[in-house]
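Read the structure below first, then the notes.
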Amino acid sequence: MSKRRAFIPWFLAGLVVWGLLVVGSFAALLAMVDEWRPITASALTDDPPKLWGPLFGQQYFAYRLGRIDRTEPEIVVLGSSRGSQFRAEMFPGTRFYNASLAATSLGDSIAFLEAILRARRPRIVILPIDTWWFSPTWADPCADAGDCTIPHEFSLDQLVAATTRSMQSSFVLYQVMFVLSEGKWLALRAVPDPIGGRMPVGFLAQQGADGFRPDGSYQYGRMALGDYGGVTRDRLRFTEGYAGFIDRLDPVAAASSGNRFGTVSPLPPARVAALERFVEICHQHDAKVVLVLPPFAPGFMKLIERYPQQAAFFSDVATMVKAVAQRHQVDVLDAMRSTGDLGDEHFYDGMHGDERVHLALARKLVALPVLAAVVDRDALATLARTAAGRGDAGIWLHLIAR
Amino acid sequence: MSFSSVVFLVFFLPITFSLFLVLARAGVPGKVVVSFIALASLVFYAWAGFVFLLIFLVSIVTNYILARELVDGAPSRRRILLCAGIAFNLGLLGYFKYATFFLDVIGGSSPAHTVVAKFALPVGISFYTFQKIAYLVDVARGEVKPKPLLDYLFFVTFFPQLVAGPIVRHDDIFPQIDRIAWRVRRRRYAAVFLVPGLALLTVGLAKKVLLADSFAFLADPAFTAAAEKPLTLVSSWIGLLAYSFQIYFDFSGYSDIALGLALLFGVRLPANFNSPYRATSIIDFWRRWHMTLSRFLRDYLYVPLGGNRLGTSRRYVNLMITMLIGGLWHGASWNFVIWGGLHGVLLSINHGVRNLRLPDVPRPLAAVIVFLTVSLAWVPFRASDLHITVTYYRSLFGLEGIVLPPFLAPIGALTGLMTSSDLPSFSGLRGALAIAGGLFIVWTLPNSLVLLTAQWRRRLVSSRAAGFLSAGIIVICVALIYGRQSTPFIYFQF
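Given below as C-alpha cells:
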C-alpha cells in the first residue's frame, strides 16, 4: 500500500479491526462465562443445582421471577444485598425464596412485588430496608416518579449496555485481568463450586464461587474461602474503625450522586409514601409483610455517631419505618443497632452481615407471630445449635446445607 | 442530537456523510449537494423536537425576508427594518431564555410565570440568534448582499455549527457554499479536508469522552456538596480546577468536532479555541477562548457602543456592558451576570495596567496567574446560585478553616495547619494527580489547530499509525458512550 495516502485506508481498516476487537472481545468474554444467552433459561433449572453468578448481564429481576415461578415460595425476602444471607435453611418447614437484589430501592421493590403478586402469591413478604432508600443522593426514579419499567425478560440490549458499562469499572477490569493473568479461563467452567458443590454459571460463580444459590440467597464465595481480594475489609479498613468509610461520609462525597450516605431532613415524602404503598399492595393481595431494619456492624454504627447529621438521619429512618408499621399494623424488626454478641468480624464490610448475623436475625424474625405460625422453630433451634458448635472458623452453614 | 451520542456517531454521521460523498462525486449540481446538507441539518435539528424545528423555521423565514427588504428603500426604513429584525431575534431569545429570569427580577409569582415556564429552551437558540443578528447587521451595513434562500438556509442550519457554534459570519460560510461539491471532487480533498477532519473529530471526541467527562467526576461532587455545607480548602480547589479543565475540554472538544465535521463536508469553520490556558493576560485569554463569541461581541456590541474611541472611561464602561451582556448570553441567572462582570473588571484592570507600561511578568508566571484568575472566575459560572457561589469562594480562600487531608501531612507539620483523618484519604491525592495531568496537557501539548497546518496535514495523511489510532479512539469512545450514557456538552444548554 502506498504510504502517500496511508491515513484513510488505515483508518477504515482500524474501524473494522478495533470494532471487531471491542465487539469480539465482549462477545467472547460473555460466551466464555456463559452470560451471552438468556441466562435465566440455563440457570433456572435445579438439575444439577446451579450457582448463578453473572458479572455482566446482572438481570436479577428476570432471574428472580423465573425462580419464583418455579419454586412457588410461601416466604419471599426482598430488598438489597443486606438481606441476601437469609438461607432457606433458616426458615425450615416452609417454601422459602430469597429475592434480594432483584430490587435495591423502594420503587424497584414495589415493581417487583407487583410482578410476583401477579404470578404467585407468597403468604409472607420480608422487606429488609436500607437507610439510603430515603437518601436524596440514592437515585430511585421509580419511587419518586411512581413509574417503573423494569424488564421482566432477558434483554440483549441491556446485556450489551451492562457489559460495556462493566468493562469501564476498575473492579471488573481487575477481575478480568486477574483471571487472564492466572490463565484460569475455561478451567473452572465444568468444576462444581468448592463451597456448595453447585455448577457455576457466570463469571463470578466460575471464578470466585460467588453467586446465587437455588434458594436465591447469595454466596460470597471468595470471602467464605478467605479471599477478600482487597475489595472489602481491607479497602474499608474496618480494623481501623472503618476508616475507609470516611471517604463516603465526608460531606463532599456524601452529597455526590450515588452515595449511600447523603442525608436529608425531613425524609423525602415520595419515598415514605412508596413504603406505605408497598405495605398496602401486600394487604391488597392478602400477603403478610414484615419490615426489617437490618443490623450494621457495631464499629460502623460508632462511626456514624461521629457525624451528627448521619446519626439523626439513621434515627429518622428507624422512627419512620416503625410509624409506618404501626399505622398499617404490620410487624417490624428494628435490628439496626442490635447485633447481640456478634461483633464487627461478623460483617463483611460493616453493612453486610454474614450468615451468623442472618441466623440470629432469622431467630428474631420467627419469634414474630406471623412467622412463628409457619416456620418449624425447633428445626431452626437445632440449626443454630449446630452452627454454634462450628464456632467462627471459616465456612460453616453452607456445609450444613450441602 | 449530541455529537457524543451513539445515534449521531453510529447512524446519523456515517449515513449522511456517505450519501453526501455519493452525491458530490456523482457529479450532481452543487446546489443539490448543498440542499442535501441543509436537509440533513434540519433532520439533525428536528431530533431535539419538532416544535423546536418549527420555531427555527419561522425564525429563518422571517430573517430571510427581512434581509431581502433591508437592501432597498430609504435609510430610515432600513433602520426601522433592522431594528425590527434585531428586536424579533432578541424577542424570541428573550421569551424562551430570559422571560422567567426577568419575571423573577420583577418579583413574585404571576400567571405569566406559569405560561413562560411551560416552554423548554429551543436547542442552539443563543447561537443562531447571534448569527442571524450579525447577518442582518452586515446586510444593513452593505457588507454582504442578501443571498438566495438555499444559501441562507445552509448558512444558518449547517449542522456542525448549529447547536453550539462556532458562531459564524457571512464571510465564513457564503464564499464556500458554491465550492463544496468542487472541493470534494478534487484529488486534494482527502489531504486537505477528509484527513484533518477525521483527526479533529477524533481529538474532539477524546477530549469530551476521555477528559471532560472524567474531570466532571471530580468537579460535580464538589459543587453539589457546596450546596449543603462549606468544603475543605483542598477539596474546593480540586473541584474548581477540575471544572476549569472540564469546561475547557468539553467546549474545545465540541469545537474540534464541529470543525472536523465541517471539513468532512468540505467546509472550513473559524477556530474557537487557541490554547486559552496558555494566555498571559486576560486580554490574551479572550483572544483564545470562545474566539467567535469574542469576535461577535467585539464587532456587534463593543465597537458599536463606541469601543475605545470615546475616551478611557467610556472604554471601560463599554467593556463592562459588553462582558455583562456576554455573561447573560450564557444563561438567565445572576451567576452568569456576575461571571461576565468579573471578566469585565479583569479586562478593565488588564487594560489599565497595560497603560502603566510596567515591566513584563515572565510568561510562565503570567500564564499561571491568568489560569488561576480565570479558574476563580468559573465559580459563579458553575455554581447554581449565589449562595453556593459565596460558600465556594469562602472555602477556596480558607475562610471556612484550613484543614488538610492526610496525604498533605508533611505540609501540615511544616506549617502548623491541621491535618484530619476525617478527610478523604486518597481522593485528594487522586484529584491532585488529575489536575497535574490536565495542566500538562493544556500547557505542553500542541493544540488541535496544528492539525490544520500544512506540515501536520502532510504528516497525518501519510501516517498509518495515526489512521489506525484515530479509528481505535473513535471505537473506544463510542463503546464508552454506549455504556456510560455520556453527558451532553456543557454549551448545549446555552
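Protein chains in written order, with numbering that gives the first Met the number 0: chain A, 0 to 401; chain B, 0 to 493.
The C-beta atom is built at its ideal place from N, Cα and C for all residues, glycine as well.
Just so we're clear, the structure is a prediction, and the values are computed from it rather than from any experiment.
At least 8 Å separates the CB of B:PHE264 from every CB of chain A. Of the residues B:ASN317, B:LEU268 and B:LEU341, the one whose Cα lies closest to the Cα of B:TRP377 is B:LEU341.
A distance below 8 Å between beta-carbons, with the five flanking residues on each side excluded, links A:VAL271 to the following residues of its chain, in chain order: PHE133, MET319 and VAL323. At a Cβ-Cβ threshold of 8 Å, B:ASP150 and B:LYS206 do not count as neighbours. Beta-bridge partners of A:ASN97 (DSSP): A:VAL76.
For A:LEU292, the uninterrupted beta strand (DSSP E) run begins and ends at 287-292, by DSSP. At a cut-off of 8 Å between beta carbons, A:TRP17 contacts chain B. Distance from the Cα of B:TYR301 is smallest, within the candidate group B:ILE324, B:ILE281 and B:LEU209, for B:ILE324. As for any beta strand (DSSP E) of minimum length 3 sitting wholly inside the region 47-87 of chain B, there is none.
One thing to note: A:LEU382 has its Cβ no nearer than 8 Å to the Cβ of A:GLU73. Annotated three-state conformation of B:LYS144 is coil, per DSSP.
Contact between B:GLY123 and B:VAL60 is ruled out by a C-beta separation of about 17 Å, above the 8 Å threshold.
Rounded to the nearest angstrom, the gap between the Cα atoms of B:LEU20 and B:ASP177 is 16 Å. Using a Cβ-Cβ distance cut-off of 8 Å, the region 282-289 of chain B and the region 195-212 of chain B are not in contact, since fewer than three pairs of beta carbons, one from each stretch, lie closer than that value. A straight line joining the alpha-carbon of B:PHE7 with that of B:ALA190 spans about 24 Å. Beta-bridge partners assigned by DSSP to A:PRO127: A:VAL291.
Residue state for A:LEU50 is assigned as strand, using DSSP reduced to three classes. For B:ILE387, there are no neighbours in chain A by C-beta distance under 8 Å, as the nearest C-beta there is about 12 Å away. Between A:GLY201 and A:GLY52, the CB-CB gap stays under 8 Å.
In summary, B:LEU444 is exposed, with fewer than 16 beta-carbon neighbours lying within 10 Å of its beta-carbon over all protein chains present.
Taking a 10 Å sphere around the C-beta of B:TRP181, we find fewer than 16 other C-beta atoms and assign the residue as exposed. At least one CB of chain B lies nearer than 8 Å to the CB of A:THR163. Close CB contacts of B:PHE87 within its chain, under the 7 Å cut and outside five residues either way in sequence, are with THR61 (chain order). Under a criterion of Cβ atoms nearer than 7 Å, no residue of chain B is adjacent to A:ARG120; the nearest Cβ is some 37 Å distant. At a cut-off of 8 Å between C-beta atoms, A:PHE10 counts as an interface residue with respect to chain B.
If you draw a 10 Å sphere on the C-beta of A:GLU354, you find 16 or more other C-beta atoms in it, and that means buried.
For B:VAL360, the closest alpha carbon among the candidates B:ARG294, B:PHE335, B:ALA278 and B:GLY330 is that of B:ALA278.
The beta-carbon separation of B:LEU304 and B:GLY343, rounded to 13 Å, does not stay under the 8 Å limit for a contact. Under the three-state reduction of DSSP output, A:TYR217 falls in the strand class. The shortest C-alpha to C-alpha distance from B:ASP137 to any of B:PHE396, B:TYR299 and B:PHE335 is the one to B:TYR299.
The Cβ of B:SER3 sits no closer than 8 Å to any Cβ of chain A.
For A:ASP330, the uninterrupted beta strand (DSSP E) segment begins and ends at 330-333.
Under the 8 Å criterion on CB atoms, B:TYR481 is classed as interfacial with respect to chain A. Taking 8 Å as the CB threshold, A:PHE133 stays off the interface with chain B. Residue pairing for A:VAL200: DSSP places it in a beta bridge opposite A:TRP51. At a cut-off of 8 Å between beta carbons, B:PHE467 contacts chain A.
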